[in-house]
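Colleague: In my numbering, the protein residues as written are 36 to 260.
#1: To the nearest angstrom, how far is the alpha carbon of residue 83 from that of residue 143?
#2: Can at least three beta-carbon pairs, one atom from the stretch 61 to 70 and one from the stretch 200 to 211, be found at a separation below 8 angstroms?
#3: Rounded to the nearest angstrom, what separates residue 77 and residue 238 at their Cα positions?
#4: Rounding to the nearest angstrom, what Cα-Cα distance links residue 80 and residue 93 in this structure?
#5: Look at the alpha carbon of residue 229 and the alpha carbon of residue 213, and state the distance between them as a whole number of angstroms.
#6: According to DSSP, is residue 172 part of a helix, a strand, or is it coil?
#7: For residue 63, which of helix, strand or coil comes out of DSSP?
#8: State buried or exposed for residue 258, treating a residue as buried only when at least 16 other CB atoms are found within 10 Å of its CB.
#9: Indicate the three-state DSSP secondary structure (helix, strand or coil) for residue 47 in the structure shown.
#10: With 16 as the cutoff for other CB atoms within 10 Å, does residue 38 come out buried or exposed?
#11: Identify, in the order they occur along the chain, each residue of the same chain with its Cβ nearer than 6 angstroms to the Cβ of residue 118, setting aside the five sequence neighbours on each side.
#12: For residue 137, count neighbouring C-beta atoms within 10 Å of its own C-beta (all shown protein chains included) and say buried if the count is 16 or more, exposed if not.
#13: Please report the straight-line C-alpha distance between residue 162 and residue 190, rounded to a whole angstrom.
#14: Which whole-angstrom value describes the C-beta separation of residue 59 and residue 215, a residue pair presumed to lie in contact below a C-beta threshold of 8 angstroms?
#15: So, are the CB atoms of residue 120 and residue 130 less than 8 angstroms apart?
#16: The alpha helix (DSSP H) that contains residue 90, what's its start and end?
#17: Report the CB separation of residue 63 from residue 123 in whole angstroms; it is logged as a contact under 8 angstroms.
#18: By DSSP, does residue 151 sit in helix, in strand, or in coil?
#19: For residue 248, which residues of its own chain have a beta-carbon under 8 angstroms away from its beta-carbon, when the five flanking residues on both sides are left out?
#20: Looking at the secondary structure, which residues open and close the alpha helix (DSSP H) in which residue 94 lies?
#21: Since residue 131 is in the alpha helix (DSSP H), which residue starts that stretch and which ends it?
#22: Measure the alpha-carbon distance for residue 73 versus residue 102 and round it to whole angstroms.
#23: Using the C-alpha atoms, what's the distance from residue 55 back to residue 242?
This is the structure:
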């Protein structure tokens, strides 16, 4: 305790605030991550199915989705936060705090994750698709039984990368009033020049990143065959 007190002297009276910031970050990652996973997985599968040569080829739909993803991926997240303020207020009831950060986090994560899913499914051996088609499987059966089932390790890898990116986005959202560890680091570490508060927030963020990476590697190892 003496060592911790000497390394983090300003953290002694900030336990409740620090714990609250950690819980806010976990909440943002969990909620926006789950929603982004569901939407991004769906969009990624649709992109794979509707591209040229796909099992449900539809060039016009693919072109629209492709351009929308490219547009949102091109917008810096800090600018996206500001641009979405009216929509965030309308949907979430507020544009500040943890609740106000959820919608921008989803908009910032879905395009990235959709590309990860598209890339993961593109790695599949096309011979497996042709074999399923020769056995009379429908396009939906091919998507579920071949693409998704055989691409689990690649999907997990893409999910891991996306979650790590999302943790970084929550810290950025906190810097502009979104709550969480980013807000804690800015409020106490930067504005009040208590750098040990910044280091404490950074250590927790690093621990989250390493935990996500370790879990992802474990699942990839178990699902690779």
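Don't be surprised by glycine CBs; every beta carbon is placed ideally from N, CA and C. If you're wondering where the values come from, they're calculated on a predicted model, not measured in any experiment.
Modeller: In short:
#1: 21 angstroms
#2: yes
#3: 34 angstroms
#4: 13 angstroms
#5: 20 angstroms
#6: coil
#7: helix
#8: exposed
#9: coil
#10: exposed
#11: none
#12: buried
#13: 19 angstroms
#14: 4 angstroms
#15: yes
#16: Counting along the chain, residue 90 falls outside any alpha helix (DSSP H), and DSSP gives it neither H nor E.
#17: With a Cβ gap of about 13 angstroms, residue 63 and residue 123 do not count as contacting.
#18: helix
#19: 195, 199
#20: 94 to 109
#21: Run containing residue 131: none; DSSP gives neither H nor E here.
#22: 20 angstroms
#23: 17 angstroms
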